[in-house]
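Input: a single structure, listed below in structure tokens.
Residue numbers (this note's numbering), protein chains in the order written: chain W, 1 to 137; chain S, 1001 to 1137; chain V, 2001 to 2137; chain U, 3001 to 3137.
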């Protein structure tokens, strides 16, 4: 199984008055990580959208363990924990060095630009299959 | 049981190129809703912070059902589904009229400004108890 | 001359680790204020977009005087300082009670959905004219 | 004169329903660019804050020329157009390849953590002087 690594640096604007990154920031980082995985698999999401294959987030969750601070270098490790013809679920872990800061997931269904459910397409599901975890948590 | 109603209007900046509110926006609306419930209970979060009682989000989840559009009037209904001496869990439902757009939750633990766990305090837990749901989902 | 008043409450997520609202937040508040003025004038921006009359921001500026804090009630006063057939400039002042926190402006040109310049239309320019300041600063 | 180059990739969440990056996004990118310049000069802003030398934005402006789209690779070129003992002004240009998308600026004054004006310090002003433009626009 492959894991996609995405590197981000915490923006000042992402912190709040508690001094750490606001909990909503993780969703934006997860989005970057997911975008990176798809691109590495040869299917840039931008192109998928142009082809009429959208993958809106329909469900998400996140657990914060340690706060991320301004200018921290964070690595988001991404894998896939569910891969169906019309749905996909990504799992993310945010690391600062050896320290796990947070873990989360997003679930997506594939729709057309008119919001009608459709198949993701074998070209994409096969291309991203290497990042699939064997055992779904 | 009481339900706190918070009214928001979807900002242009909250939409993304799919034309609907970005999925992270719900967390910001939930934050407003939670702030409103605490204020209605007589314990503005701003004052709680000044007293050294912080309630950071340690876990959250959200399920999107229908997209919220720019300038939509949304009502966030908030209740409490867990109320302990050191932790609290809020439940949110986002409505556009009679239509349920999304539902989510956040879990919080109480800490000092030094991030040490502490009790929320009976004054607050008693004040917010009326918004507690009987049956936790 | 009329002045449009828009009331906002500073969100927790809008603060940064300096403890005050991030300087970019003002642009989001100005957007709400502008949206409110257009709506009060009978031309909701949402409808203008549906009619193919977009008003993208092409230039903006802001000067911060005093920081806005979490949960502050802010009033944004909006007027118009330039009103042409194809362009409009709004001026904003952010107040916390009697205290001026910031002032800014945005300039917009009217375009079609294909990004081609077009006239705003007399119906809109006449409707918003009452908010126009006599002397442009 | 040196120019600092900062590379960013437009996030999905940064776009709005017009399909391009929201005009407030530039301020976040400028912040990353400024952070990068300071770090390259040997004075990470994170450390400056720890030393009690804050550089809040007190004024800013931006002019948008062409819209930035999702997943675009943007380069922000940063220089300094004013460098005083207590204030500094940065100038930014956002490029997509050879195409200028936007240009903007931010002005900062140096304050202590108690918000009292103070000198930036010769160590920092000398370190960032190589990025200063000769002719201020």
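Note that the Cβ used here is the ideal one computed from N, Cα and C, for glycine as well.
| Item | Value |
| --- | --- |
| Unbroken stretches of the beta strand (DSSP E), 3 residues or longer, contained in the stretch 50-106 of chain W | 57-64, 73-83, 87-96 |
| Length of the line joining the Cα atoms of residue 67 (chain W) and residue 15 (chain W) | 10 angstroms |
| Same chain, Cβ closer than 6 angstroms to residue 2087 (chain V), five either side skipped, listed in chain order | 2109 |
| Residues of the stretch 1051-1063 of chain S whose Cβ lies closer than 9 angstroms to any Cβ of chain W, in chain order | 1054, 1056, 1057, 1058, 1059, 1060, 1061, 1062, 1063 |
| Chain U contacts from the stretch 2011-2034 of chain V (Cβ-Cβ distance under 7 angstroms) | 2018, 2023, 2024, 2027, 2028 |
| Pair within 8 angstroms by beta-carbon distance, residue 2069 (chain V) and residue 2107 (chain V) | no |
| Cutoff 8 angstroms: residue 3045 (chain U) Cβ touching any chain S Cβ | no |
| Residue 1001 (chain S), buried or exposed, once every other Cβ within 10 Å from all chains shown has been counted against 16 | exposed |
| Which of helix, strand or coil DSSP assigns to residue 118 (chain W) | coil |
| Local Cβ density within 10 Å of residue 120 (chain W), reported as buried at 16 or more and exposed below that | buried |
| Within-8 angstroms CB hit, residue 1071 (chain S) to chain A | The displayed structure is made up of protein chains W, S, V and U, and chain A is not among them. |
| Opposing strand residues paired with residue 6 (chain W) [DSSP bridges] | W:76 |
| Residue of W:42, W:33, W:12 minimising C-alpha distance to residue 123 (chain W) | W:42 |
| Span of the alpha helix (DSSP H) around residue 2042 (chain V) | Run containing residue 2042 (chain V): none; DSSP gives neither H nor E here. |
| Whole-angstrom C-beta distance between residue 72 (chain W) and residue 111 (chain W), which should lie under 8 angstroms | Actually they are not in contact, since the Cβ atoms of residue 111 (chain W) and residue 72 (chain W) sit about 35 angstroms apart, beyond 8 angstroms. |
| C-alpha gap between residue 2050 (chain V) and residue 3089 (chain U), whole angstroms | 40 angstroms |
| Residues near residue 38 (chain W) by beta carbon distance below 6 angstroms, same chain, minus five either side | 45 |
| Beta-carbon contacts of residue 1133 (chain S) that lie in its chain and below 8 angstroms, excluding the five residues immediately before and after | 1001, 1079, 1080, 1081, 1091 |
| Best match in U:3054, U:3017, U:3023, U:3013 for proximity to residue 12 (chain W) [C-alpha to C-alpha] | U:3054 |
| Proximity below 8 angstroms, CB of residue 8 (chain W) to CB of residue 32 (chain W) | yes |
| Neighbourhood of residue 1137 (chain S) by C-beta, 7 angstroms cutoff - its chain only, sequence neighbours within 5 removed | Per-residue confidence for residue 1137 (chain S) stands at a pLDDT of 47, beneath the threshold of 50, marking its modelled position as unreliable; no derived number is given. |
| Local conformation of residue 2034 (chain V) per DSSP, three classes | helix |
| Counted within 10 angstroms of its Cβ, other Cβ atoms place residue 1024 (chain S) as buried (16 or more) or exposed | buried |
| Cα-Cα separation, residue 2004 (chain V) to residue 3084 (chain U) | 38 angstroms |
| Burial state of residue 2129 (chain V) (16 or more Cβ within 10 Å) | exposed |
| Own chain residues within Cβ distance below 6 angstroms of residue 3118 (chain U), not counting five before or after | 3110, 3112 |
| Chain-order list of residues whose beta-carbon lies under 8 angstroms from that of residue 2101 (chain V) (same chain, five-residue window excluded) | 2064, 2065, 2066, 2067, 2068, 2074, 2094, 2095 |
| Residue 1126 (chain S) Cβ short of 7 angstroms to the ligand NAP heavy atom set | Questions concerning the ligand NAP fall outside what the structure shown contains, since it holds no ligand whatsoever. |
| Test item: CB-CB of residue 2018 (chain V) and residue 3056 (chain U) under 8 angstroms | yes |
| Residue 2030 (chain V) and residue 2104 (chain V) closer than 8 angstroms at C-beta | yes |
| For residue 21 (chain W), the residue or residues it bridges with in DSSP | W:15 |
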